[in-house]
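S.K.: For the sequence shown, the UniProt record's numbering begins at 1 and goes up steadily by one.
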Amino acid sequence: MAKTHVSKKVQHADDRVKNLLLRIQNDEAVNQEDIDALKRRKLIIQQVWKGNSVRKGPEYAPKRKRAVTDLTRENLQRGDWKELEFKEYNFSAKGQPVEGGHLHPLLKVRRQVQTIFLNMGFEEMPTNNYVESSFWNFDALFQPQQHPARDSHDTFFLKVPSSTKMLPEDYVERVKEIHESGGYQSRGYGYDWKREEANKNLLRTHTTAVSSRMLYALAQKPFAPKKYYSIDRVFRNEAVDRTHLAEFHQIEGLICDRGLTLGDLIGVLHDFFSRLGMSKLRFKPAYNPYTEPSMEIFSYHEGFKKWVEVGNSGMFRPEMLLPMGLPEDVRVIAWGLSLERPTMILYGIDNIRDLFGPKVDLGLIKRNPICRLGL
Numbered sequence: 001m002a003k004t005h006v007s008k009k010v011q012h013a014d015d016r017v018k019n020l021l022l023r024i025q026n027d028e029a030v031n032q033e034d035i036d037a038l039k040r041r042k043l044i045i046q047q048v049w050k051g052n053s054v055r056k057g058p059e060y061a062p063k064r065k066r067a068v069t070d071l072t073r074e075n076l077q078r079g080d081w082k083e084l085e086f087k088e089y090n091f092s093a094k095g096q097p098v099e100g101g102h103l104h105p106l107l108k109v110r111r112q113v114q115t116i117f118l119n120m121g122f123e124e125m126p127t128n129n130y131v132e133s134s135f136w137n138f139d140a141l142f143q144p145q146q147h148p149a150r151d152s153h154d155t156f157f158l159k160v161p162s163s164t165k166m167l168p169e170d171y172v173e174r175v176k177e178i179h180e181s182g183g184y185q186s187r188g189y190g191y192d193w194k195r196e197e198a199n200k201n202l203l204r205t206h207t208t209a210v211s212s213r214m215l216y217a218l219a220q221k222p223f224a225p226k227k228y229y230s231i232d233r234v235f236r237n238e239a240v241d242r243t244h245l246a247e248f249h250q251i252e253g254l255i256c257d258r259g260l261t262l263g264d265l266i267g268v269l270h271d272f273f274s275r276l277g278m279s280k281l282r283f284k285p286a287y288n289p290y291t292e293p294s295m296e297i298f299s300y301h302e303g304f305k306k307w308v309e310v311g312n313s314g315m316f317r318p319e320m321l322l323p324m325g326l327p328e329d330v331r332v333i334a335w336g337l338s339l340e341r342p343t344m345i346l347y348g349i350d351n352i353r354d355l356f357g358p359k360v361d362l363g364l365i366k367r368n369p370i371c372r373l374g375l
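(1) Using DSSP with H/G/I as helix, E/B as strand and the rest coil, what is Val109?
(2) Which same chain residues end up closer than 8 angstroms to Pro293 when comparing Cβ atoms and leaving out the 5 residues on each side of it in sequence?
(3) Against chain D, does Tyr229 count as a neighbour if the rule is that its beta carbon must be under 7 angstroms from one of theirs?
(4) Answer yes if the region 223-234 comes into contact with the region 150-164, meaning at least three C-beta pairs across the two stretches below 8 angstroms, and no otherwise.
(5) Need the endpoints of the beta strand (DSSP E) that Met166 sits in, please.
(6) Looking at His249 and Leu339, is the spacing between their C-beta atoms short of 7 angstroms?
(7) Hey, out of Ser212, Asp70 and Gly183, whose CA is closest to Pro126's CA?
(8) Please report the distance separating the alpha-carbon of Ser299 from that of Pro97.
(9) Would you call the CB atoms of residue 391 and Phe142 closer than 7 angstroms?
(10) Using a threshold of 7 angstroms, state whether the C-beta atoms of Leu254 and Val332 are closer than that.
(11) Does the beta-carbon distance from Leu245 to Ile352 come in below 7 angstroms?
(12) Got a sec? Which residues, its chain only, sit under 6 angstroms from Thr343 by beta carbon, not counting five neighbours each side?
(13) So, are the CB atoms of Ile297 and Val310 less than 7 angstroms apart?
(14) Below 8 angstroms on the Cβ atoms is my contact criterion, and I expect Ala198 with Phe135 to pass it. Report the Cβ-Cβ distance as a whole number of Å.
(15) At 3 residues or longer, what runs of the beta strand (DSSP E) sit wholly inside the region 255-310?
(16) Roughly how many angstroms lie between the CA atoms of His301 and Gly121, to the nearest whole one?
(17) Which two residues bound the contiguous beta strand (DSSP E) that contains Val131?
(18) CA-CA distance, Asn75 and Thr69?
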């Protein structure tokens with residue numbers, strides 16, 4: 001068998017690749033062609049590190065100067081505004097929401113009711129007299145002086161001034177006579193009518209006191225048919241609970257014309273309440289000292305599934321109208337309701353103290369929705 005003999009041809013072998021790798025490891029310079037060849041053979045990989053050098057600049061300050069956002073009156077007075085550094089405006093920033101005024105739910109419903117009356121051709125009566133005399137509040141309405149409503153347990157009487165003398169004397173005498181002896185086919189009440197009782201000042205218990213003043217003023221001129229309405233506060237000395245307050249709002253409407261009948265009143269009530277969104281009405285006979293006939297008004301509430309009293313109505317008595325000086329063939333139909341009750345129903349409020357008074361949540365005023373009645 002033949003034998004192979006291997007011997008050195010050179011004394012030292014030069015490993016070029018190894019030398020290149022050692023040079024790279026020692027951060028020595030290597031030409032780009034060798035680097036690319038080693039990268040293709042995946043013997044090396046290339047990594048890049050980037051860094052920043054931070055040094056003090058010419059405007060370096062040891063303390064940070066805060067930018068000012070508002071120029072105040074004090075800055076102007078001191079004159080230091082010239083040295084302040086103001087923050088640049090950011091026109092892309094979202095601004096703060098504007099906090100404007102908010103209407104109370106009662107005001108929203110009141111505005112809707114006013115619109116209904118105006119669309120029906122009514123004029124608004126002036127209601128700026130919270131303080132009224134017993135004469136206009138009771139006596140002119142043919143309400144006897146011994147009536148329970150005139151007791152201090154039901155009415156707020158004033159101490160100062162306790163009485164008034166600003167009453168039309170001739171009209172007062174006619175009212176006294178109709179109370180004591182009757183007239184106009186009425187027997188009256190047959191009692192001793194007292195002027196000092198009629199002079200007493202009080203917080204009006206109903207806006208019908210405004211109606212009595214307006215009708216008396218109407219009687220002093222040549223007669224012309226009128227439609228009046230009012231919406232304002234009234235005061236009653238009642239126990240406060242979930243549905244009653246000593247101070248609330250009354251809505252009142254009246255029509256004065258010749259030849260009006262109970263049928264006209266019912267027709268107007270259907271028109272008015274249908275615009276309020278109450279199309280189903282019922283009427284129940286009632287008693288009022290100043291209206292005859294009188295009717296309580298009920299509307300069917302779809303949410304409660306029952307009939308709910310929503311107002312009162314009637315035709316003003318001749319004992320009230322004729323002493324004013326109105327013609328005998330003139331009739332006045334009228335109705336009234338509270339502002340709080342429909343508002344509570346519309347906004348789902350079951351306690352009147354949550355709607356009106358010192359316990360009202362301001363959040364309710366901000367969050368309550370737009371009111372739209374059945375116009």
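Glycine is no exception: its CB is placed at the ideal position from the N, C-alpha and C atoms.
Please read these numbers as outputs of a predicted model, since none were measured by experiment.
M.R.: Walking through what the data contain:
(1) Helix.
(2) Cβ within range, chain order: Leu262, Pro285, Gly314 and Met315.
(3) Looking at the structure shown, chain D is missing, and only one protein chain is on hand.
(4) Segments in contact, no.
(5) Segment: none, Met166 is in no beta strand (DSSP E) and carries neither H nor E.
(6) For the pair Leu339 and His249, the CB atoms are nearer than the 7 angstroms cut-off.
(7) Nearest to Pro126 by alpha-carbon distance, out of Ser212, Asp70 and Gly183, is Ser212.
(8) When rounded, the distance between both Cα atoms is 42 angstroms.
(9) With the chain covering 1 to 375 only, the question about residue 391 has no answer from this structure.
(10) The criterion of a C-beta distance shorter than 7 angstroms is satisfied by Leu254 and Val332.
(11) Yes, the Cβ-Cβ distance between Leu245 and Ile352 is below 7 angstroms.
(12) Contacts found: Pro105, Leu106 and Val109.
(13) Less than 7 angstroms separates the beta-carbon of Ile297 from that of Val310.
(14) Indeed they touch by this definition, with Cβ atoms about 4 angstroms apart.
(15) Listed in chain order, the complete beta strand (DSSP E) runs (minimum 3 residues) inside the region 255-310 are 281-288 and 291-301.
(16) Those two C-alpha atoms are separated by around 28 angstroms.
(17) That run of the beta strand (DSSP E) goes Val131 to Ser133.
(18) When only Cα atoms are considered, Asn75 and Thr69 end up about 12 angstroms apart.
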